[in-house]
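Engineer: In my numbering, the protein residues as written are 6 to 361.
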Amino acid sequence: MIITRTPYRVSLMGGGTDFPAFFRERGGLVISAAVNRHFYVSMARRLDDSIRLSYSKTETVQTSRDLEHDIARTVLARYDLHSGLEIGMIGEVPGGTGLGSSSAVTVGLLHAVRTFFGLECSADTLAKESVIIETELLNKPIGWQDQYGVAFPALKKIRFNRDDTVQVEPIMLAPESRTALEAHSLLVYTGETRKAETVLSGQSSNTDANQSGLEAIRSVAQDMLAVLQDSPLDLPLMGSMLSESWMIKRTFAANVSNPEIDEWYQSGIASGAWGGKLLGAGGGGFMLFLVPAEQQAAMLSRMGNPPAFPLVLDSIGSQLIYESGSRRSVVSDTGRYDESVPEVAVRGVPGPGRYD
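1. In the DSSP assignment, find the beta strand (DSSP E) that holds Thr-11 and state where it starts and stops.
2. Between the Cα of Ser-323 and the Cα atoms of Leu-178, Ala-128, Ser-262 and Ser-245, which residue gives the shortest distance?
3. At 4 residues or longer, and completely inside the region 106-159: list those alpha helix (DSSP H) runs for me, N to C.
4. Put Gly-21 into one of helix, strand or coil per three-state DSSP.
5. If you drop the 5 nearest sequence neighbours on each side, which residues of the same chain put their C-beta closer than 8 Å to that of Met-6?
6. Ends of the beta strand (DSSP E) at Arg-57?
7. Please tell me whether Arg-70 and His-43 are closer than 9 Å, where the distance is taken between their beta carbons.
8. Let me confirm a value: Gly-33 is counted as buried when at least 16 other C-beta atoms fall within 10 Å, else exposed. Which label applies?
9. Whole alpha helix (DSSP H) runs in the region 225-272 with 4 or more residues, listed along the chain?
10. What are the start and end residues of the beta strand (DSSP E) that includes Met-177?
11. May I have the straight-line CA-CA distance separating Ala-77 from Ala-303, to the nearest angstrom?
12. Do Asp-319 and Ala-117 have their beta-carbon atoms positioned less than 9 Å apart in this structure?
13. Using the Cα positions of Pro-25 and Pro-312, report the straight-line distance between them to the nearest angstrom.
14. Please classify Gln-271 as buried or exposed, where buried requires at least 16 neighbouring CB atoms within 10 angstroms.
15. Residue range of the beta strand (DSSP E) that Gln-324 falls in?
16. Could you check the C-alpha separation between Asp-23 and Asp-53 for me, to the nearest Å?
17. For Ile-95, count neighbouring C-beta atoms within 10 Å of its own C-beta (all shown protein chains included) and say buried if the count is 16 or more, exposed if not.
18. Taking just the CA atoms, how far does Leu-186 sit from Phe-314?
19. Among the candidates Arg-164, Gly-288, Gln-216 and Arg-307, whose CA atom is the shortest distance from the CA of Met-18?
20. Could you tell me the distance, in whole angstroms, from the CA atom of Ile-4 to the CA atom of Leu-114?
21. Give the DSSP bridge partners of Val-46, in chain order.
22. Determine, using beta-carbon pairs with one atom in the region 212-219 and one in the region 243-261, whether at least three such pairs fall under 8 Å.
23. Is it the case that the Cβ atoms of Tyr-45 and Arg-14 are separated by a distance below 9 Å?
24. Cα-Cα, which of Val-261, Glu-197, Asp-267 and Val-225 is closest to Thr-102?
25. So what does DSSP say about Val-80, is it helix, strand or coil?
26. Check each candidate in Arg-31, Ser-37, Leu-284 and Ile-56 and name the one with the smallest Cα separation from Met-229.
27. Determine the direct distance from the alpha carbon of Ser-245 to that of Ile-56, and round the result to whole angstroms.
28. Assess contact between the region 229-240 and the region 258-270, defined as three or more Cβ pairs (one per stretch) separated by less than 8 Å. Is contact present?
29. Nearest to Gly-20 by alpha carbon, out of Met-292, Leu-284 and Lys-161?
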């Protein structure tokens, strides 16, 4: 049995500049935070040759090629795993809510599969391969930030370079700054979910038209980096930066916001929040507000007391939390156990990375 745990992520600033159509011309910058809400993947051998996959539904099939779950089907096929597996996937927040859930699935499942074969599982490797799976093999119209946001821990800046290389560097907050950020932040669930690809497809096709807006968002991200180095942390200034980026992002496509989301935002600001933004692609999910701790209860009451929790940083990133038994026996397509790990021919698997 193998169990992995992968954090969700909050994109504080720079979203949209992680699209290849933008960063290959101008370079991208995202400030991202792994948070203490997680996605879990369990993986074990079955005694028969079927595949049983449990998530929001349960699939039992004779070969992984028949799975409806596109990420699981693609990851298992990539590693030639087609039978004899029991896989469970469960998350602490719903999918489609702007916290990078699809990439948490991909990174978490990859972590389990690579552990199964005894392969290296650095955050850099998991993120790079997740980009390959989601953007190349599944052809999703998404950027590259989520894969790095959930694989790497805590708060970091992610630079997307013109040559397709990605640099991830930790942002080392002073202890009092981290305490203040966590105490005065609030993630508020709007109750609406959406399929990110649907929202992002319009934004992706509008990249050329949105160039000036994306450059402005990247500039605000650069400014926020400077603010994060200050102590004490200027939370009102950070809040105004969140709002500034949200006002820009709302212009990218018609389905990024809607009257209900606008009302959520205005309620937060009217309740004393220094600023806020909708997370993820848009269209629904979680909103992030920076708001004085003493005013948070009143703000939530004004909103009808929706589910909410603070932005608390995850300090580890994607990790293996349990492993038992020998993984040296794997099930072949015939349903028989092989006593040695087979050669794993995987296209485009990157080498080890660093996070210094």
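For each residue, glycine too, the CB sits at the ideal point set by N, CA and C.
Structural biologist: On the basis of the supplied data:
1. 7-18
2. Ala-128
3. 106-121, 128-136 and 150-156
4. coil
5. Ser-47, Met-48, Ala-49, Tyr-327, Glu-328, Ser-329 and Gly-330
6. 56-59
7. no
8. buried
9. Qualifying alpha helix (DSSP H) stretches, in chain order: 240-254.
10. Counting along the chain, Met-177 falls outside any beta strand (DSSP E), and DSSP gives it neither H nor E.
11. 42 Å
12. no
13. 34 Å
14. exposed
15. 324-328
16. Inter-residue distance for Asp-23 and Asp-53 is about 43 Å (C-alpha atoms, whole angstroms).
17. exposed
18. 13 Å
19. Arg-164
20. Only positions 6 to 361 of the chain appear in this structure, which leaves residue 4 out of reach.
21. Thr-9 and Met-94
22. Note that the region 212-219 touches the region 243-261; at least 3 beta-carbon pairs, one per stretch, sit closer than 8 Å.
23. No. Outside cutoff.
24. Glu-197
25. helix
26. Ser-37
27. Between the alpha carbons of Ile-56 and Ser-245 lies a gap of roughly 49 Å.
28. no
29. Leu-284
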